[in-house]
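First the structure, in the form of structure tokens, and then the observations on it.
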Amino acid sequence: MKKQEQRWQRSTFCSMVTLSVLIVGAFVILRAYYSWDNKSMGVQREGSLVGGYQDVNLGENRAELDDIAQYAVEEYNKNEGKHLSFQRLVSAKSKVVAGIKYLLVIEAHGDANVKLYEAEVWLKPWEHLKFLQHFRPHNKSSSGNFTPFIHGCQIPFCFKIGNLLLHF
Numbered sequence: 001m002k003k004q005e006q007r008w009q010r011s012t013f014c015s016m017v018t019l020s021v022l023i024v025g026a027f028v029i030l031r032a033y034y035s036w037d038n039k040s041m042g043v044q045r046e047g048s049l050v051g052g053y054q055d056v057n058l059g060e061n062r063a064e065l066d067d068i069a070q071y072a073v074e075e076y077n078k079n080e081g082k083h084l085s086f087q088r089l090v091s092a093k094s095k096v097v098a099g100i101k102y103l104l105v106i107e108a109h110g111d112a113n114v115k116l117y118e119a120e121v122w123l124k125p126w127e128h129l130k131f132l133q134h135f136r137p138h139n140k141s142s143s144g145n146f147t148p149f150i151h152g153c154q155i156p157f158c159f160k161i162g163n164l165l166l167h168f
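First residue of the sequence shown? That's 1 in my numbering, and the numbers climb one at a time after it.
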């Protein structure tokens, strides 16, 4: 009888420990879920996509960013037969892909006026390659949206789970 009681107490104790661990684990997961910011664990709230563009500080790597912007203008001129001249880089965003993609807002002079343009440039530094993906007049409402959107998701690699958008 005493052994049976000891087994029951051990079983009860193990059950209590297991239940406590599960409760604490659930609390930690929920706490992490509701306290994510833009940098933790790579998942962000809706409106800021995982794998999406992040603002780049123009003070750091200014010369490199200016070179990339200059490249974008030169490639656009070469491909479209235009004669824009690079004036300055207004803003930059980047995201990691198979390399780095930059979304640049560039001020360029052409046809007697200065306009803002958006350029998307893909770099593969280990291969010393640059590709101009897009170049178009800047539209503040569509900055960074070079592909269609469906319910706040950029096609084709976007999944919505609850109020989180996962973008790959």
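The C-beta atom is built at its ideal place from N, Cα and C for all residues, glycine as well. Treat the numbers as computed from the prediction; the structure is a model and nothing was measured.
Where residue i falls: helix, strand or coil (DSSP)
| i | result |
| --- | --- |
| N77 | helix |
| T147 | With a pLDDT of 39 at T147, under the threshold of 50, the predicted position of this residue should be treated as unreliable, though the coordinate-derived value follows. Coil. |
| E5 | helix |
| L22 | helix |
| S11 | helix |
| Y117 | strand |
| K89 | What sits at residue 89 in the sequence shown is Leu, not Lys. Strand, per DSSP. |
| V17 | helix |
Run of the beta strand (DSSP E) containing residue i, from where it starts to where it stops
| i | result |
| --- | --- |
| H83 | Looking at the DSSP string, H83 is not in any beta strand (DSSP E), and its letter there is neither H nor E. |
| W126 | No beta strand (DSSP E) contains W126, which DSSP labels as neither H nor E. |
| H109 | G99 to G110 |
Contact under 9 angstroms by Cβ, residue i with residue j
| i | j | result |
| --- | --- | --- |
| L132 | N79 | yes |
| V56 | Y117 | no |
| L103 | K95 | yes |
| K130 | Y53 | no |
| A69 | A119 | yes |
| V105 | H134 | no |
| R88 | D66 | yes |
Cβ-Cβ separation, residue j to residue i (assumed contact under 8 angstroms), whole Å
| i | j | result |
| --- | --- | --- |
| K169 | G99 | There is simply no residue 169 to check, as the chain begins at 1 and stops at 168 in what is shown. |
| E75 | V90 | Their Cβ separation, rounded to whole angstroms, is 18 angstroms, which puts E75 and V90 out of contact at 8 angstroms. |
| W122 | K101 | 5 angstroms |
| A92 | L58 | 6 angstroms |
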